Every structure is written in structure tokens, then in C-alpha cells.
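Just so you know, the sequences run in chain order Y and Z. Counting from 1, one number per residue, gives the positions in the first sequence under our numbering. Counting from 112, one number per residue, gives the positions in the second sequence under our numbering.
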Amino acid sequence: EDKVVQSPLSLVVHEGDTVTLNCSYEVTNFRSLLWYKQEKKAPTFLFMLTSSGIEKKSGRLSSILDKKELFSILNITATQTGDSAVYLCAAIRNAGNMLTFGGGTRLMVKP
Amino acid sequence: GAVVSQHPSWVICKSGTSVKIECRSLDFQATTMFWYRQFPKQSLMLMATSNEGSKATYEQGVEKDKFLINHASLTLSTLTVTSAHPEDSSFYICSATRTGGLVGAFFGQGTRLTVV
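Right, here's the structure in full:
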């Protein structure tokens with residue numbers, strides 16, 4: 001059975017701090033890993049990672065995938081209160097396009 | 112960018128009634144749509160995969176007679192919660208994928224269903 005595990009479950013930091021969120025996976029016929037930010041409604045897509053070792057960046061957010069060790073990290077630098085959200089990662093297989101989501105990391109950034 | 116519209120955003124219904132939730136891809140043809148359910152403070156659980164013109168594929172433990180999915184066109188999939196009960200109260204989210212496109216990139220806004 002496919003499994004995606006995120007850590008930590010929750011995190012409280014202060015503005016300006018840097019955070020690292022972790023996502024490990026065990027997925028049959030793995031294709032890619034996706035990161036999302038979920039505030040009050042549906043998830044917003046952040047990154048898709050398919051190749052190992054290639055960092056993807058968007059502003060203060062960056063992410064990288066390690067296909068040998070089966071994990072990914074999402075970094076947020078100089079955090080702001082607007083970064084407070086649940087961050088979800090999901091793994092996708094080659095066949096069937098099914099996403100398996102991790103449990104999420106709830107990030108709270110205090111002023 | 113591609114937009115997926117889900118309607119209604121929230122609905123309150125009485126036990127025993129049925130509720131239909133619509134998921135539309137507004138500017139692309141979605142060959143596949145996915146329906147998820149999310150309980151408070153939990154992650155998204157895939158309920159079913161809906162392919163245009165064919166029967167939906169349900170995940171283990173999801174009652175197909177209770178959660179009816181219809182993907183009648185390339186831009187519309189519907190989820191009908193039949194004979195709703197309070198335990199069906201949840202946040203339901205759809206995701207749409209275009210042919211050859213990035214799976215999981217586009218989610219609807221979600222529908223919060225409360226059954227009283």
C-alpha cells in the first residue's frame with residue numbers, strides 16, 4: 001500500500017524564521033511528488049518534483065526531491081504570517097494518475 | 112491558468128436527502144477528475160477517479176451506491192451524496208486533469224457539506 005508521511009505534524013515559528021518541512025514516501029511505480037499549500041479551502045499547487053537533486057524555487061519557497069532516500073523537503077525562508085497554512089505533499093504514480101497525500105504539516109507563523 | 116470550479120461552496124441538508132456537487136473545468140477539457148474527502152485537520156482522502164464517458168473507479172471502502180459519480184462531459188463531473196447522514200458531513204474537493212497535463216495541479220474550491 002502506498003504511503004506518504006509528513007513531519008512535523010505541526011510547527012510554530014516566528015516571522016523571519018526559516019522552516020523545513022519533510023515528506024517521505026513509499027509508492028509503487030513512483031512518478032512525481034507534489035507540494036501544496038492549504039489555507040481555508042482547497043489546496044493550492046506549489047511544486048512538482050520528478051527528478052532527484054534539482055531544486056525548484058518560487059520566491060521564498062524551495063523544494064527538492066531525493067529519489068534514492070525517498071523523501072522531499074520544502075523550505076520556507078524569512079517566514080511571514082501569510083505562510084501560516086497546512087502544507088501537503090502528495091506522491092503520484094506513473095499509472096492511473098492517483099495522488100496519495102501525506103497527513104500534512106500545520107505551520108503557524110507568529111508575528 | 113486553468114481553473115476548476117466547484118459548486119456549491121457549502122451546503123446544509125437534512126438527513127435522508129441527496130446532495131449534488133458539481134466540478135467543472137472552465138478552460139480545458141478534463142479527461143479525468145478526482146474526488147476527495149477531507150475531515151477536519153486531516154489530509155485529503157481519494158474517494159474515486161472519474162473518467163469521461165465511463166464508470167468511476169472507487170477507492171476501497173467508498174460506497175459507490177452512496178457516492179454517485181457522473182462524468183458525462185469533458186468539462187463536468189458530479190458527485191451525488193445519496194441519503195445523506197450526519198457522518199457524511201465533510202469537505203469534498205475535486206481535482207481535474209487535462210489530457211497530457213499535470214495531474215493534481217488544479218483543484219476546485221471545495222464543498223463543505225453539513226448534514227443535520
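Virtual Cβ for every residue (Gly too), placed ideally from N, Cα, C. Note that the structure is a prediction, hence the values are computed from the model and not measured.
Item, Value
"List, in order along the chain, the chain Y residues whose C-beta lies closer than 7 Å to that of Q140/Z?", "Within 7 Å Cβ-Cβ: nothing; Q140/Z doesn't reach chain Y, min ~15 Å."
"Which residues in chain Z sit within 7 Å of P8/Y, going by Cβ to Cβ distance?", "Simply none; closest approach about 14 Å."
"What do you reckon, are the CB atoms on L61/Y and S72/Y nearer than 8 Å?", "no"
"Answer yes or no: does any C-beta atom of chain Z fall closer than 8 Å to that of F71/Y?", "no"
"Would the region 175 to 187 of chain Z count as touching the region 137 to 157 of chain Z if we require 3 or more Cβ pairs under 8 Å?", "yes"
"List the residues of chain Y that F218/Z touches, going by C-beta distances under 7 Å, in chain order.", "A42 and P43"
"Okay, do the region 12 to 20 of chain Y and the region 100 to 109 of chain Y touch, 3+ Cβ pairs below 8 Å being the bar?", "yes"
"Taking C-beta pairs closer than 9 Å, name the residues in chain Z that G103/Y reaches, listed in chain order.", "Q153 and S154"
"Check whether chain Z comes within 8 Å of I54/Y, counting only Cβ atoms and requiring the distance to be less than that.", "no"
"Identify which residue in I54/Y, T77/Y, K3/Y and T28/Y has its Cα closest to the Cα of M156/Z.", "K3/Y"
"Counting contacts by CB-CB distance shorter than 8 Å, is L187/Z in contact with chain Y?", "no"
"Under the three-state reduction of DSSP, which class applies to E26/Y: helix, strand or coil?", "strand"
"Suppose contacts are defined by Cβ-Cβ distances below 8 Å. Is V226/Z in contact with S120/Z by that definition?", "no"
"Using a Cβ cut-off of 7 Å, pull out every chain Y residue sitting near I204/Z, in sequence order please.", "A42"
"Report the neighbours of A90/Y on chain Z: residues whose CB is nearer than 7 Å to its CB, in chain order.", "G215"
"Thinking C-alpha only, which one of E170/Z, I180/Z and M158/Z is nearest G164/Z?", "I180/Z"
"In angstroms, rounded to a whole number, what distance separates the CA positions of T193/Z and F178/Z?", "6 Å"
"Can you look up E55/Y in the DSSP assignment and give me helix, strand or coil?", "coil"
"Quick one: complete beta strand (DSSP E) runs, 3+ long, within the region 167 to 225 of chain Z?", "178 to 184, 187 to 192 and 201 to 209"
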